[in-house]
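Trainee: The structure under discussion is supplied below as structure tokens; questions concerning it will follow.
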Amino acid sequence: MSNYDCRHGTWWTLGAKASRDYEGIIMNQNTNDIIINHYNKVAEKFGLSPSSTIGDQYIRQAEITFFIESLKAKVSNQGEGQSLFDIGCGNGHLLSVIRQEFPKLKLFGLDFHPELTKLAQSRKLENCEIIQGDMRKELSMFGHHDFVITERSVINLLNKEEQFCALSNISMIIKPQGYYFFSESFEEPRANINRARKQMYLAEDINPSKHNLWLREEDLLTLNENNMHEIDGPLAKNHLSTHFYITRILHSIALPKGGVAEEFQNFFNTALPAAVGNYSPILFRSFEKSK
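Quick note on our numbering: the sequence shown kicks off at 152 and runs consecutively.
Spelled out as structure tokens, the structure:
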């Protein structure tokens, strides 16, 4: 495996090569197998369900709200003459919601997993092209877009070089003054929630799944180096923080063995404001490309 660091100048040489030539990164077949095997099970179990890729529907609905409200703020004329690319589109659930909200927006979806791609294609969404592909490869063959979104898909790349390559490739297909909206998991809030759990004598740490490698704030320098700058979104980037504190700390303390948490979680999610603290690894981020 080659070693390079986008933060110290060497990314530009190797990163540019990686975006043009996939062979510039040596793939680890074991990591591909981890992803394929995991999502084989997801595709078989959940099909077209919104529970595909995440069981917590509070999180899923918050993500949908973030993407839809972000687009409402930037899409013009219901999307006529504009295009959106969902990279890592899974079974196409998010694209189906976007289709309903923005009937004139040209949609594209890409997923690495063949069965999830087939599920997304089976929706037969109008004015929407679904492709099996790989964000680690050059993406310009799929055109340049006003909007690119990822929903917990960059974290499915299990080494940093691949993540940097993907973020660079994503940046390159965004039009000037276009936008990248994402919901991805980060390491920094994980340290906060695990510290809070230890203070309450909750022994087990919150850790990434074996098919995930969470981002760090410094990784976003790859976007900055590709003319992307962060902007405020319609929801706070830490919007899910309160929910994570409720479900990963209060829930663990209060729920008796055999109890059901649904009413407990619903009550506190309603009673408490969102975005308190920095306890959610899943962050909502918005970037705009310079002219």
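A virtual CB, placed ideally from N, CA and C, is assigned to each residue, including glycine.
So, at 7 angstroms on beta carbons, what are the nonlocal neighbours of T204 in its own chain, with the 5 sequence-adjacent residues on each side left out?
Mentor: Stepping through the sequence shown from its first residue, residue 204 is reached at position 53. Once the five neighbours on either side are set aside, the close Cβ partners of T204 are V193, G241, R303.
Trainee: Quick one: which unbroken alpha helix (DSSP H) runs of 4-plus residues sit fully inside the region 364-395? Chain order, please.
Mentor: The region 364-395 contains these whole alpha helix (DSSP H) runs: 372-375.
Trainee: I325 CB to nearest chain C CB: under 9 angstroms?
Mentor: Protein chain content of the structure displayed is limited to a single chain, and chain C is not contained in it.
Trainee: To the nearest angstrom, report how far apart N181 and W365 are at their CA atoms.
Mentor: In the sequence shown, counting from the first residue as 1, residue 181 sits at position 30. In the sequence shown, counting from the first residue as 1, residue 365 sits at position 214. Using only the alpha carbons, I get a separation of about 18 angstroms.
Trainee: Any idea what DSSP makes of S336, helix, strand or coil?
Mentor: Counted from its first residue, the sequence shown places residue 336 at position 185. In the structure shown, S336 sits in a strand (DSSP, three-state: E or B).
Trainee: If we ignore side chains and look at the alpha-carbon of each, how far apart do L423 and P340 end up?
Mentor: For the purposes of this step, residue 423 is taken as the residue at position 272 of the sequence shown. For the purposes of this step, residue 340 is taken as the residue at position 189 of the sequence shown. Their backbone Cα atoms lie some 19 angstroms apart in a straight line.
Trainee: I'd like the span of the beta strand (DSSP E) that includes C279, first residue to last.
Mentor: Taking the sequence shown and counting its residues from 1, the one referred to as residue 279 is at position 128. Run containing C279: 279-283, per the beta strand (DSSP E) assignment.
Trainee: Who are R436's beta bridge partners in DSSP?
Mentor: Translated into positions along the sequence shown, residue 436 becomes position 285. The partner list for R436 (beta bridge, DSSP) reads F333.
Trainee: Below 6 angstroms CB to CB, which residues in the same chain sit around S336 once its five sequence neighbours on both sides are set aside?
Mentor: Position 185 of the sequence shown holds residue 336. Taken in chain order, the residues that qualify are I306, W365, P432, I433.
Trainee: First and last residue of the beta strand (DSSP E) that includes E414?
Mentor: Within the sequence shown, numbered from 1, the residue matching residue 414 stands at position 263. Not the beta strand (DSSP E): E414 falls in the alpha helix (DSSP H), residues 413-422.
Trainee: With distances taken from CA atoms, which of R436, K440, A426, D184 is nearest L308?
Mentor: If you number the sequence shown from 1, residue 308 lands on position 157. Comparing Cα positions, the closest option is D184.
Trainee: Please look up how many angstroms separate the CB atoms of G230 and L276, rounded, as I've assumed it's under 8 angstroms.
Mentor: Along the sequence shown, one-based indexing puts residue 230 at 79. Along the sequence shown, one-based indexing puts residue 276 at 125. Contact flag wrong, Cβ pair sits at about 13 angstroms.
Trainee: So, is H380 buried or exposed, given that buried needs 16 or more other C-beta atoms within 10 angstroms?
Mentor: As a first step, residue 380 is located in the sequence shown; it is residue number 229 there, counting from the start. Counting Cβ neighbours within 10 Å, H380 comes out exposed, since fewer than 16 surround it.
Trainee: So which of S319, Y190, L270 has the shortest CA-CA distance to M286?
Mentor: For the purposes of this step, residue 286 is taken as the residue at position 135 of the sequence shown. Among S319, Y190, L270, the Cα nearest to that of M286 belongs to S319.
Trainee: Say whether the region 260-276 touches the region 207-227, bearing in mind that this needs 3 or more beta-carbon pairs closer than 8 angstroms, one atom from each stretch.
Mentor: The region 260-276 vs the region 207-227: no contact.
Trainee: How long is the line joining the alpha carbons of V248 and I219, rounded to whole angstroms?
Mentor: Locating residue 248 in the sequence shown gives position 97, where the first residue counts as 1. Locating residue 219 in the sequence shown gives position 68, where the first residue counts as 1. One C-alpha to the other measures close to 8 angstroms.
Trainee: Can you give the Cα-Cα distance for K311 and A425, rounded to whole angstroms?
Mentor: Within the sequence shown, the letter at position 160 stands for residue 311. Within the sequence shown, the letter at position 274 stands for residue 425. Computed Cα separation, rounded: 31 angstroms.
Trainee: S477 and F332: beta carbons closer than 9 angstroms?
Mentor: No information on residue 477 is available, as it lies outside the stretch 152 to 442 that the chain covers here.
Trainee: Would V299 and F236 qualify as a contact pair, given that the criterion is a beta-carbon distance under 9 angstroms?
Mentor: Here the question's residue 299 lines up with position 148 in the sequence shown. Here the question's residue 236 lines up with position 85 in the sequence shown. Result yes, Cβ atoms of V299 and F236 sit closer than 9 angstroms.
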